[in-house]
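Enquirer: First residue of the sequence shown: 152, per this note's numbering; consecutive thereafter.
What follows is a single structure, and I will ask about it in a moment.
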Amino acid sequence: MDAEAKNYIDGIAPEHRALFDRVHRLILEAYPEANVVLAYGLPTYRVGNRKLHVGVWQHGVSVYGWDKGAGAGLTSRHPYLVSGKGTIRLRSQDAEGVTDGELSDLIRASLGPGTTP
């Protein structure tokens with residue numbers, strides 16, 4: 152992890168830190184080789200030429216750059232998470248309704264082999 156990404160993560164407000172840490176853990180469990188850098192002002196997880204941006208906003212955690220086709224399962228079950236093109240906004244209060252398995256599927260589909268960078 153580069154220093155800028157670490158500084159961003161260290162500065163996350165306590166009310167959103169557990170949710171960010173959950174997403175961070177799921178990404179690194181699926182891709183321990185992921186390189187974490189700051190890009191576009193957000194922690195960005197790079198695996199080969201694929202990347203996923205994860206940032207904090209006032210109500211929770213947002214995921215950017217996910218594969219739209221790959222996210223169909225999650226977004227069909229939780230359509231309220233989609234906020235514009237390529238953005239999933241996971242509010243801290245909604246996080247309990249989304250399983251680790253659902254998030255992991257999105258992560259693997261977005262960063263895994265055969266996905267479009």
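Just so you know, even glycine gets a beta-carbon here, dropped at the ideal spot from N, CA and C.
Predicted model only: the values in this text are computed from it and were never measured.
Between the beta-carbon of S213 and the beta-carbon of G206, is there less than 9 angstroms?
Expert: Indexing the sequence shown from 1 puts residue 213 at position 62. Indexing the sequence shown from 1 puts residue 206 at position 55. Yes, they are a contact pair.
Enquirer: Look at the alpha carbon of A156 and the alpha carbon of H229, and state the distance between them as a whole number of angstroms.
Expert: Position 5 of the sequence shown, counted from the first residue, corresponds to residue 156. Position 78 of the sequence shown, counted from the first residue, corresponds to residue 229. So the alpha carbons of these two residues sit roughly 29 angstroms apart.
Enquirer: Alpha carbon to alpha carbon, how far is V188 from A154?
Expert: Translated into positions along the sequence shown, residue 188 becomes position 37. Translated into positions along the sequence shown, residue 154 becomes position 3. Answer to the nearest angstrom: the Cα atoms are 8 angstroms apart.
Enquirer: For G234, is the classification buried or exposed, using 16 other Cβ atoms within 10 angstroms of its Cβ as the cut-off for buried?
Expert: In the sequence shown, the residue the question calls residue 234 occupies position 83. Gly is not the amino acid found at residue 234; the sequence shown has Ser there. Exposed, since its Cβ has fewer than 16 Cβ neighbours within 10 Å.
Enquirer: Spatial neighbours of L177 within its chain, please: C-beta separation below 8 angstroms, excluding the five flanking residues on both sides.
Expert: Position 26 of the sequence shown, counted from the start, is the residue given in the question as residue 177. Only D251, L254, S255, I258 meet the Cβ criterion.
Enquirer: Buried or exposed: A185, going by 16 or more other Cβ atoms within 10 Å of its Cβ?
Expert: Walking along the sequence shown from the start, residue 185 turns up at place 34. Counting Cβ neighbours within 10 Å, A185 comes out buried, since at least 16 surround it.
Enquirer: Please classify G252: does DSSP put it in a helix, a strand, or coil?
Expert: As a working mapping, residue 252 is identified with position 101 in the sequence shown. Reduced to three states, the DSSP call for G252 is helix.
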